Amino acid sequence: MKIAAYQMAGGNDYARNLRICRHSASLAAQADAKLLLLPEAAMFLRAQESEATMTQSLDGEFVSLLADLSREYGLTIVAGMFEPAPQERAFNTAVVLQAGRLLGTYRKLHLYDAFAVQESERIAQGEDLPPVFDCEGITFGVMTCYDLRFPETARALAEQGADVILLPAAWFAGADKEYHWQLLCAARALENGVYVLGADMCGGNRIGHSLFVDALGMVRTQLGQEEGLLCAEVDKAHLAAVRERLPMLKQRRFAIALNGGSATGAGH
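Start counting the sequence shown at 1; every next residue gets the next number (UniProt numbering).
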């Protein structure tokens, strides 16, 4: 099965972001991909100097556009957006669209309060574990950007049967940050026996370098710092072979405690 990620130079020009989403869906369909991953904040990327964050409800224009694109091009589309939260804040939400409908949502669990950035100043923390869903007989899981630094998030998806972890991101530039990005994507793939597909923002203070990692932690393809489409093949035989040779999920001595579908202890 072919999947794709579109690396975009997003910003606070909402109309341009919508045009990019349309363009990327067309390119993915032309490449015969069945799934398209867009970055975190694909709807609207807050400018660093601005306190404004655009939000829309899940029945708003952005989700409706993605739903229409999923129907028109026969794609499952995963993208990041902001939806309203209590106390005039926002949820950093990933949405999954399939066959013209909203299939699932995930509100980012781990907020980026690090490296002199305070995402929690304007973003409300999610509480529910990220979902898994099926596309063409392959199980996909979703987590967002800073979640990558917390191995329990990926492990929870693997325990739910994920074959591929999708990672929409807007990874900040900085000392060693490109190294962290590639290292952590490879680690999450290798330790869980899954593929990882990361779609990152590029331009400005975002690093780009969207990538596809196989279940042995090998980076199979990676973009640079320019906008563009990345395509990759998901091979069930590769997953089966890796999991037979390296059965880490079967051998583990520790489990993640789940509490009604929520992340135990998250934010407490």
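All C-beta atoms in this analysis are idealised placements derived from N, C-alpha and C, irrespective of residue type, glycine included.
The structure presented is a predicted model; accordingly, all values stated were derived computationally and were not measured.
Report the three-state DSSP secondary structure of residue i (helix, strand or coil).
i, result
"K250", "helix"
"P84", "strand"
"F44", "coil"
"N12", "coil"
"L129", "coil"
"D32", "coil"
"I123", "strand"
"E49", "With a pLDDT of 48 at E49, under the threshold of 50, the predicted position of this residue should be treated as unreliable, though the coordinate-derived value follows. Residue state, collapsed to three classes: coil."
"I77", "strand"
"Q182", "helix"
"F115", "coil"
"D200", "strand"
"L38", "coil"
"F150", "coil"
"A255", "coil"
"G265", "Residue confidence is low: G265 scores 40 on pLDDT, short of 50, so the model does not pin down where it sits. No coordinate-derived value is stated."
"A175", "coil"
"A170", "coil"
DSSP has residue i in a bridge; who is on the other side?
i, result
"Q7", "G228"
"Y195", "V164"
"C135", "I138"
"T105", "V95"
"R89", "A85"
Nearest to residue i by CA position, among the options, is which residue?
i, options, result
"C145", "K108, R22, P131", "K108"
"V117", "K250, W171, D134, A41", "W171"
"A5", "Y14, S26, A15, V194", "S26"
"E61", "P39, L184, Q30, L102", "L102"
"D128", "G137, V142, R122", "V142"
"M54", "I123, H238, Q160, A186", "I123"
"M81", "G224, Y112, P168", "P168"
"C185", "L197, D176, A175", "L197"
"D147", "A9, T221, P130, Q87", "P130"
"F140", "D200, T153, L157", "L157"
"F115", "M248, A175, G10, A28", "A175"
"K34", "N12, E152, E72, T76", "T76"
"L97", "M201, L38, R220", "L38"
"P86", "S64, G126, L111", "G126"
"P3", "L36, A9, L229", "Correcting the residue identity first, residue 3 is Ile in this sequence and not Pro. Comparing Cα-Cα distances from I3 to each of L36, A9, L229, the minimum goes to L36."
"R89", "S57, L69, K177", "S57"
"G100", "E119, A94, L65, V132", "L65"
"V95", "Y112, S120, V132", "V132"
"M201", "L190, A42, E119", "A42"
"D134", "L111, R149, Q160, F150", "Q160"
"A255", "D214, R155, Y106", "R155"
Closer than 7 Å to a non-hydrogen atom of the ligand MN - does that hold for the CB of residue i?
i, result
"G104", "As for the ligand MN, it is missing from this structure, which has no ligand bound."
At 4 residues or longer, and completely inside the region 204–253: list those alpha helix (DSSP H) runs for me, N to C.
The region 204–253 contains, as complete alpha helix (DSSP H) runs of 4+ residues, the segments 236–245, 248–251 (chain order).
Between the region 237–246 and the region 202–212, do three or more beta carbon pairs fall short of 8 Å?
Contact fails between the region 237–246 and the region 202–212, because fewer than three Cβ pairs, one in each stretch, are under 8 Å apart.
Would you say the region 10–20 touches the region 241–254, given that touching needs at least three Cβ pairs under 8 Å?
No: the two stretches stay apart, fewer than three of their Cβ pairs being nearer than 8 Å.
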